Amino acid sequence: MSFNTNEDVASPSVGGFSRPDQPGPTDWTAYSSAYDLLSMHNPAYKALMQDFAAFLATIGTPQRIYDIGGGTGNYTEIAARACPDSEIHLVEPDAAMIRSARTKLSAHGNINFHNLALEDVKGTDTCDLVVCVHALYAMPEQVQRLDDLHRLLRPGGYLYLIDLGRRMDVADWRKYLFLELKKRHGLAGALRVFWQGREVAKQNKAICEAQKSGAYWTHTPAELASAVSNAGFEVISQKTVYRGYSDLLVCRAK
Ligand SMILES: C[S@@+](CC[C@H](N)C(=O)[O-])C[C@H]1O[C@@H](n2cnc3c(N)ncnc32)[C@H](O)[C@@H]1O
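With the first letter of the sequence shown counted as 1, position 179 gets the number 179 in full-length UniProt numbering; the numbers rise by one all the way through.
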């Protein structure tokens, strides 16, 4: 397998809003500062992580794992705990996100960090599991990106894909999170976390605007399944998750 970069080397500029040098609709750097704070208070986000841990327990140990658009490394961390002997690659174009992941995951010796966009990853055919959670919708040219994910996998390798498909209703999420926080931490606690996590609300609004303008992909469950099948995957299972906003597909590369 060839990999076109050393660790933490920024990707070359070849166009597309996901590149570190070309700001896109979401300021992932700003988002990274509060990403884990609010995620860890979001039961819907935590349920997704539990789903992933449960999935890993159902398959044989993957030797090589990629976490694409891995952000602050929450899924990489689950994989690293479940598969301490596997070779894990976290691919993330935003420097602040990957910095946060690197700090959080410093105790694990089996993780390689790549400050790259998916479209700049050159590996082929050797990976046993590709994880891509809530990142595909934000990438340019999803048809090609699904081809990229397929290219990374050996035949029979797994794609664990979660994607935001429906328009992000910021008021709905705000209400949901506030009520959850209030239940657990009281009114003052909820207000405190909301204040600390205000950047997340701002970036979620930007995501919603990008969905409205068509800069970010929105899809029905059937549209995502069809795109994934067209890229050469067999869909093993599919369900709607994240309060109806996202789709979770477990697939195998044909
Ligand atoms: C909402 S975050 C999800 C992070 C992580 N997967 C999680 O679920 O916690 C989306 C991530 O996708 C990354 N991303 C955006 N465009 C990308 C691209 N073209 N290739 C790889 N990752 C990309 C962003 O930098 C951001 O960190």
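In this text, a Cβ means the ideal position worked out from N, Cα and C, and glycines have one as well. Only a predicted model underlies this, so the values are computations on that prediction, with no experimental measurement involved.
Pull the bridge partners of residue i from the DSSP assignment, please.
i, result
"residue 262", "This structure cannot speak to residue 262, because the chain is shown only from 1 to 254."
"R252", "Y158, E234"
"E87", "R64"
"N112", "H89"
"L153", "C127"
"C208", "Per DSSP, none; premise fails for C208."
"V133", "I162"
Take the Cβ of residue i as the centre, count every other Cβ of all protein chains shown within 10 Å, and call the residue buried at 16 or more, exposed below.
i, result
"L179", "exposed"
"L187", "exposed"
"V228", "buried"
"P62", "buried"
"T220", "exposed"
"R145", "buried"
"residue 256", "With the chain represented from 1 up to 254, any question about residue 256 goes unanswered, as that position is not in the structure."
"N230", "exposed"
"E141", "exposed"
"I236", "exposed"
"residue 283", "With the chain covering 1 to 254 only, the question about residue 283 has no answer from this structure."
"T103", "exposed"
"E77", "buried"
Cβ of residue i versus every heavy atom of ligand 1: is any distance shorter than 7 Å?
i, result
"N204", "no"
"L177", "no"
"residue 289", "Because the chain here runs from 1 to 254, residue 289 falls outside it and cannot be looked at."
"M97", "yes"
"W173", "no"
Look at the Cβ atom of residue i, then the Cβ atom of residue j, and state whether they are nearer than 8 Å.
i, j, result
"H134", "D163", "yes"
"A79", "V131", "yes"
"L177", "H41", "yes"
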